[in-house]
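What follows is one structure encoded as structure tokens, with my remarks underneath.
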Amino acid sequence: MSSFCAQEEYVNNMNHHHNTGGIRLLFFIINLLFLTCGTALTDAAASDNQQQPIAEISRLRTQAENLLLKPGAVQSDMDSVRYIAGRIEVLSKPTHYKQGLGLSKLLRAMAFREEGHPDKSRPLAEEAVNILSSTGTELLHADALVELGASYGNSDPDLPPKIALYEKGINIYHNLGDQLKEATLLEVLGDLNLLKQNHADALKHLNHALSLYKTLNYKRLQGIYAIMGSVYNEQSNFVEALRYNLLALKTGEEQRDSSTLMATIYNRLAMSYYSIDYNKQALECYQKGIRISRINNDIPGVQNLLFNIGEVLGKMRRFDEALDSLNAAYTRYPVADIYDEGFFMMRYVTIYLNMKDYRNAEKYYQKMLGIYGQVNEIMKQELRVPMSSYLTKTGHYTEAAHYLDSFAIMERTYPASVSRNALVSLLQYKTDSARGNLSGAIKHMLQHKMLSDSARNLAQSRQLGQIQLQFETEQKDKDIKLLVQKNQLQEADLQKEKVFRYVIIGGVIILIAFLALMYARYRSKKRTNIQLESQQNEINAQNEALKGLLDEKEWLLKEIHHRVKNNLQIIISLLNTQSQYLNNKDALAAIRNSQQRMYSMSLIHQRLYQTDNLGKIDMHWYIPEMIGYMKDSFETEKKISFKVNCDPIALDVIQAVPLGLILNEAVSNAIKYAFPDNRKGRISVILQMIAEDTCELSVSDDGVGIPEGKDPLATASLGMSLMQGLAMQLDGTFELSNNYPGLSIRISFKYQNFATSEKAHAYAD
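So the number in the numbering used here is just where the residue sits in the sequence shown, counting from 1, plus 904.
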């Protein structure tokens, strides 16, 4: 049991190496720091140059911030950020607007970092720092420093410049009085010092950040509590480690946090339990953490927790399950780097050694040996313990002693925990005994016993028990409250079910009554339908009879129009015959005028019996037809030209007949009197809708007109009287005016949409 206790320290270090959830979350917080530079940008711009396009740059910056704050790094979003940065640069260059130029570089750097390209991000961030350091906007300068720091990784070479840049940013935030940014960056700095195993500085920064958070009454403290728990755990201060990790869990639950940070908190709490041999509780916390990571699709978090579950299952001697979990972490997900590869190899070697499967242990030992020459001194210190364990158990004591001696030398630079030193003392005792170094063996045996007892006492501390008891009591109280709430909900559900049952019964009764009523109504409606069907048959028969009568009447109406047209043609022929026996010019003119008037009416009747529409005349057809007849009658083709423009208007026969007579009078008068002595000229005939319900007929010529000074309406002629009377019949207006040269006649009347059957039949009658 003591060997298991002593081995836990290097596993704790490994767990922390894999525990990147908190770091990732804090870098997300840093993104928020970068994206709050609008006020500084606007104020400085206003003081430097009022003509700068501040509003447009601020609008573009806001668009870029929204894209960068979206979860994940979508390629199209990052391309959009770079495009926006280019627009800001274009707006800033003409006036050498340094803040805009620096912001452009900063946005590009952030986009590349989000995509995982620190090599492209860092040069841009450096340019942003150089530009913004001279603009006088300290807040924007600090944000650029933090972005530059974020472009460095967490490896040994990257940590010093990264920490230095963050410290500069912290100083600026402190001088500006921005306590929230200062506290957030101090929290990140504490986590980075934890990675460096610089526990004193880590606690100093974390306590400072915690003090600032509390001053600001900031409630979401679960992240910083979890980091502090990890620091104390690595210092083997298991009491404080457990206290802070439990506090992190409690705070996260109070804040209803369901992010990947809660998975990190469960992971770190499990590490505390693991360190004090609370293996069952550790396994439960790891399993809760992995559920949260899977919900949030946090692949690195799932891999980390699978690895740690394999570790605790191995400690519980459930080796097959431990290997299953470890294999899932190693084969399903990509291993980040050679350091992670080394931790996996250490875990495989430890499990197979405990299973006494030395053949498989050797396979992974050889891989560890290859990694040993490629890593830094801190990682070598991690590898020396499992490598020594393998060599000791397989009888290679001299080689084991070499690694153990190296560990002892480097332990002064990288102090190890009590449990790890206990394991090393045990291995040194075994190698000394095997090589005959009895004094060294006794010394290391006593040292191992002392360290093991110390580690056991730490694990069995009364304070730990009190903290755990307090936590379990709170959890039980919480569980009791949940049970009470659950019982209340169950009682409410039962009451609802009871009410629902009564409602169902009542509903069934109402439904039966409703169905009975519906059946009665159905019978009544059926009888009514039979009666209605009989009546409908009678109505249909009557309709058929009426339809036959209507068709017959329509046919008769067509026949009437045909006969009227024929009679008018006969009268025209009789007048034509009579005119051959007359020598009086006035009589001949009167007969010819009568013939033309009759022809204008006969055209209408001809159109009516030739079409299916017995009540409407298409004026678009009628007017050109009428003009063509008059051109032939007066033989005007050589001296008079006609311009006809007629809208597609269909007039009722009641309006079409008087309008046709007016057209006949107006055109015939123009032909006879407007162009004496064979003058050439033009007659224009226009029929159009001048309003929604108003038509206008216009007949104009460019002839001699009526002599000046003479009232055209005072002319006492039959044609003029006829046109005026017909205009009154149309309920319209009659206008006659001299155009100098020429005469113009306009008749305006309301378009009437008479009922076809009634009006047409009435006209025929």
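All residues carry an ideal CB built from backbone N, CA and C; glycine is no exception.
Thinking residue i and residue j are a contact (beta carbons under 8 Å), I'd like their distance in whole angstroms, please.
i, j, result
"Y1170", "K1192", "5 Å"
"V1092", "Y1117", "Wrong, their Cβ atoms sit about 13 Å apart, outside the cutoff."
"G1214", "T1164", "So it is not a contact: roughly 20 Å between Cβ atoms."
"S1648", "S1604", "4 Å"
"I1131", "L1098", "6 Å"
"N868", "K1543", "Only positions 905 to 1669 of the chain appear in the structure, and residue 868 is not among them; the question remains open."
"I992", "G1004", "5 Å"
"T1298", "Y1262", "6 Å"
"A1152", "Y1122", "No, A1152 and Y1122 are not in contact; Cβ-Cβ is about 14 Å, not under 8 Å."
"I1594", "L1567", "17 Å between Cβ atoms; not a contact."
Could you have a look at residue i and say whether DSSP puts it in helix, strand or coil?
i, result
"R1650", "strand"
"A1595", "strand"
"G1585", "strand"
"S1321", "coil"
"K1520", "strand"
"L1555", "strand"
"S1621", "coil"
"Q1656", "coil"
"Q1628", "helix"
"S1229", "helix"
"F1579", "coil"
"N1298", "Checking the sequence shown, residue 1298 turns out to be Thr, not Asn. T1298 falls in the coil class under three-state DSSP."
"G1006", "helix"
"A949", "Because the pLDDT of A949 is 43, which lies under 50, any placement of that residue in the model is unreliable, and the number read from its coordinates should be weighed accordingly. Of the three classes helix, strand and coil, the one that applies to A949 here is helix, per DSSP."
"S1112", "Per the sequence shown, the amino acid found at residue 1112 is His instead of Ser. It is helical."
"M1259", "coil"
"R1222", "coil"
"V978", "coil"
"N1102", "coil"
"S1059", "coil"
"V1253", "helix"
"G1246", "helix"
"E1612", "coil"
"L1125", "coil"
"L1096", "helix"
Buried or exposed for residue i, please, with buried defined as at least 16 other CB atoms from any protein chain shown within 10 angstroms of its CB.
i, result
"R1288", "buried"
"R1405", "exposed"
"T1302", "exposed"
"L939", "Low per-residue confidence applies at L939: pLDDT is 41, beneath 50, and the placement is therefore not dependable, though the value from the model is reported in the following sentence. Answer is buried; the Cβ neighbour count reaches 16."
"E1018", "buried"
"T1041", "buried"
"D1023", "exposed"
"V1407", "exposed"
"K1400", "exposed"
"I1651", "buried"
"A944", "The pLDDT assigned to A944 is 48, lower than 50, so where the model puts this residue is not dependable; a value taken from the coordinates is nonetheless given after this. Buried."
"T1168", "buried"
"K1654", "exposed"
"L1331", "buried"
"I1074", "buried"
"R1324", "buried"
Residue i bridges to which residues according to DSSP?
i, result
"F1638", "I1651"
"S1604", "S1588 and S1648"
"S1545", "R1586"
"C1550", "L1591"
Tell whether a beta-carbon distance below 7 Å holds between residue i and residue j.
i, j, result
"T1039", "K1072", "no"
"S1025", "S1055", "yes"
"H1348", "A1326", "no"
"L1090", "H1112", "yes"
"I1194", "F1223", "no"
"R986", "A1015", "yes"
"R1268", "M1283", "The sequence given here places Tyr at residue 1268; Arg does not occur at that position. Contact flag unset, no."
"N1149", "S1176", "yes"
"I1276", "S1292", "Strictly speaking, residue 1276 in this sequence is Tyr, with Ile absent from that position. Contact flag unset, no."
"A872", "L1010", "In this structure the chain extends from 905 to 1669, so residue 872 is not present and cannot be described."
"V1135", "L1107", "yes"
"G1646", "E1569", "no"
"V1253", "Y1190", "no"
Within the 7 Å Cβ cut-off, does residue i reach chain D?
i, result
"K1219", "Absence of chain D from the displayed structure is noted, only one protein chain being present."
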